[in-house]
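In UniProt numbering, the protein residues as written are 1 to 102.
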Amino acid sequence: MLDKKKAKKDEEEYFKKKDSELLNKIQKEKMKEEEQERLQELKELHFMHCPKCGHDLEERKLDEVKIDICTHCHGIWLDKGELELLRKKEGFLVQHLFRIFS
1 MLDKKKAKKD
11 EEEYFKKKDS
21 ELLNKIQKEK
31 MKEEEQERLQ
41 ELKELHFMHC
51 PKCGHDLEER
61 KLDEVKIDIC
71 THCHGIWLDK
81 GELELLRKKE
91 GFLVQHLFRI
101 FS
């Protein structure tokens, strides 16, 4: 009789532990999914909007480099690697900088 009670108690503890682990796993997955959704919403809210004033950005092409220009404050924004591409073109930036605003 004592062995059956101990076995039942051990079994209950085992399943309690497994249930707890499963709930923790589900909770972590849900939190991760919610974080991904939040990041996607932020990206959609801010994509192609000026980081300075929040207005729309317009993509313009300078030779092979696409730059983003704010339609309101006329700020110029470069994506990763675009500054290096512009630097490689000797005199290119100075030559074409004023052309952007005409």
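Glycine included, C-beta positions come from ideal geometry on N, C-alpha and C.
Can you tell me whether LYS4 is helix, strand or coil according to DSSP?
helix
Would you tell me roughly how many angstroms separate the C-alpha atoms of LEU39 and GLY75, rounded to the nearest one?
25 Å
Take GLY54 as the anchor and find which of HIS72, ASP19, GLU35 has the nearest alpha-carbon.
HIS72
Under a three-way DSSP split, which group does HIS46 fall into?
helix
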